[in-house]
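Peer 1: Here's a structure for you.
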């Protein structure tokens, strides 16, 4: 019994380690994106990231899922998910041009709250009063961070909230994908669809890439792909309820990178609002996991 328990704990520890490493990688990718927004449009940054990342995504999919990972039973679903992801990523990169990276990151944490609200209002799923209270707490956190009507309010603060909404729809849209397809297929087609869709628009906004910036584009592709891969692997070792709190370590990385690179130091109210958002998201994930476990018993 003890060895079995030790094995479960070891797997959970591995999942947590992979999640933290994946979040750190994505945070570095976001910081690179913020640096690039001063000279390039978000759509060009996304195009270059996806174009460079696509060969890596193919190799990872083949290594982890075999040739079957290259096949899609519902290509239209992946194309729609690509549109959602392109909108979400494009708006997030746009927000990074105007906001502190920690503030933008904190507001994107609204995604689990939006998932719950969409599930109840649009998909008619049953959501209890506890999760509705968590949703309200999340929105209260947003108001604290954004502070509408205050002198510090920026219209750009609304962008990460819209990003969180699109990301929530993207997560829900995974239900439209054929259940025979693996997570590696989802990753591959998301990158592929992003590359294809951004390629249709990028000629209209293309700016010649400076040679010294090419390393940044390579970096954003490597760190972005590594982050997604590590997080995907994390869910193979541990439950979502175990990993959810560590996803919010992104705020620590965003604060650290913002301070080191741009001398950005969020004020106290930003952290208070972020705490509301994070706690509401963690509770929603924990509650849904608990309900799923009870239903399975």
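In the numbering used here, the protein residues as written are 55 to 351. Glycine included, every Cβ here is placed at the ideal spot set by N, Cα and C.
1) Pick out whichever of 99, 89, 113, 102 has its Cα sitting closest to the Cα of residue 155.
2) Would the segment 192–200 count as touching the segment 137–150 if we require 3 or more Cβ pairs under 8 Å?
3) When you compare each of 91, 76, 101 to residue 258 by their alpha carbons, which one comes out closest?
4) Which class does residue 55 belong to by DSSP, given the choice of helix, strand or coil?
5) What residue range does the alpha helix (DSSP H) around residue 299 cover?
6) What's the gap between the Cα of residue 278 and the Cα of residue 76?
7) Could you check which residue in 193, 131, 84 has the C-alpha nearest to that of residue 158?
8) Report the residue ranges of all alpha helix (DSSP H) runs contained in full by the segment 80–156; include only those spanning at least 4 residues, in chain order.
9) So, for residue 110: in the same chain, excluding its five sequence neighbours on each side, which residues have a beta-carbon less than 6 Å away from its beta-carbon?
10) For residue 64 and residue 307, which I take to be in contact (beta-carbon distance under 8 Å), what is that distance rounded to the nearest angstrom?
11) For residue 140, is the classification buried or exposed, using 16 other Cβ atoms within 10 angstroms of its Cβ as the cut-off for buried?
12) Roughly how many whole angstroms lie between the Cα atoms of residue 55 and residue 274?
13) Going straight from the alpha carbon of residue 133 to that of residue 125, what length do you get?
14) By DSSP, does residue 73 sit in helix, in strand, or in coil?
15) Does DSSP put residue 182 in a helix, a strand or coil?
16) List the endpoints of the continuous alpha helix (DSSP H) containing residue 260.
17) Among 271, 222, 123, 299, whose alpha-carbon lies nearest the alpha-carbon of residue 95?
18) Quick check: what's the CA-CA separation for residue 330 versus residue 323?
19) Would you say residue 330 faces chain C, with C-beta separation under 8 Å as the test?
20) For the segment 158–167 and the segment 206–220, state whether three or more C-beta atom pairs, one from each stretch, are separated by less than 8 Å.
21) For residue 122, count neighbouring C-beta atoms within 10 Å of its own C-beta (all shown protein chains included) and say buried if the count is 16 or more, exposed if not.
Peer 2: Taking the structure as given:
1) Within the chain shown, the letter at position 101 stands for residue 155. With distances taken between Cα atoms, residue 155 lies closest to 89.
2) no
3) Taking the first residue of the chain shown as position 1, residue 258 is located at position 204. The shortest Cα separation from residue 258 among 91, 76, 101 belongs to 101.
4) Here residue 55 is taken as the residue at index 1 of the chain shown, counted from 1. Per-residue confidence for residue 55 stands at a pLDDT of 47, beneath the threshold of 50, marking its modelled position as unreliable; no derived number is given.
5) Along the chain shown, read from residue 1 onward, the residue named residue 299 stands at position 245. Here the alpha helix (DSSP H) through residue 299 covers 294–301.
6) As a working mapping, residue 278 is identified with position 224 in the chain shown. As a working mapping, residue 76 is identified with position 22 in the chain shown. Distance between the alpha carbons of residue 278 and residue 76 is about 9 Å.
7) As a working note, residue 158 is residue 104 in the chain shown. Ranking the options by Cα distance to residue 158, first place goes to 84.
8) 96–119, 129–152
9) Within the chain shown, residue 110 is the residue found at index 56, counting from 1. Closer than 6 Å at the Cβ level, and outside the excluded window around residue 110, lie 279.
10) Numbered from its first residue, the chain shown carries residue 64 at position 10. Numbered from its first residue, the chain shown carries residue 307 at position 253. Their Cβ separation, rounded to whole angstroms, is 25 Å, which puts residue 64 and residue 307 out of contact at 8 Å.
11) Here the question's residue 140 lines up with position 86 in the chain shown. By the neighbour-count rule (16 or more Cβ atoms within 10 Å), residue 140 is buried.
12) By 1-based counting over the chain shown, the position of residue 55 is 1. By 1-based counting over the chain shown, the position of residue 274 is 220. Residue confidence for residue 55 is low, a pLDDT of 47 falling below 50, so the modelled location carries little weight; the figure read from the coordinates is stated next. Residue 55 and residue 274: Cα-Cα distance of roughly 45 Å.
13) Numbered from 1 along the chain shown, position 79 holds the residue referred to as residue 133. Numbered from 1 along the chain shown, position 71 holds the residue referred to as residue 125. Between residue 133 and residue 125, the alpha-carbon positions lie close to 14 Å from each other.
14) Mapped onto the chain shown, residue 73 falls at position 19. Residue state, collapsed to three classes: helix.
15) On the chain shown, residue 182 is found 128 positions in, with the first residue counted as 1. Residue 182 sits in coil when the DSSP states are folded into three classes, being neither helix nor strand.
16) Counted from its first residue, the chain shown places residue 260 at position 206. Element bounds for residue 260: n/a, residue is neither H nor E.
17) In the chain shown, counting from the first residue as 1, residue 95 sits at position 41. It is 271 whose Cα lies nearest to the Cα of residue 95.
18) Within the chain shown, numbered from 1, the residue matching residue 330 stands at position 276. Within the chain shown, numbered from 1, the residue matching residue 323 stands at position 269. So the alpha carbons of these two residues sit roughly 11 Å apart.
19) Absent here is chain C; the protein component of the structure consists of one chain.
20) Touching, yes, given that three or more Cβ pairs across the two stretches are closer than 8 Å.
21) To locate residue 122, count along the chain shown from 1; it is residue 68. Counting Cβ neighbours within 10 Å, residue 122 comes out exposed, since fewer than 16 surround it.
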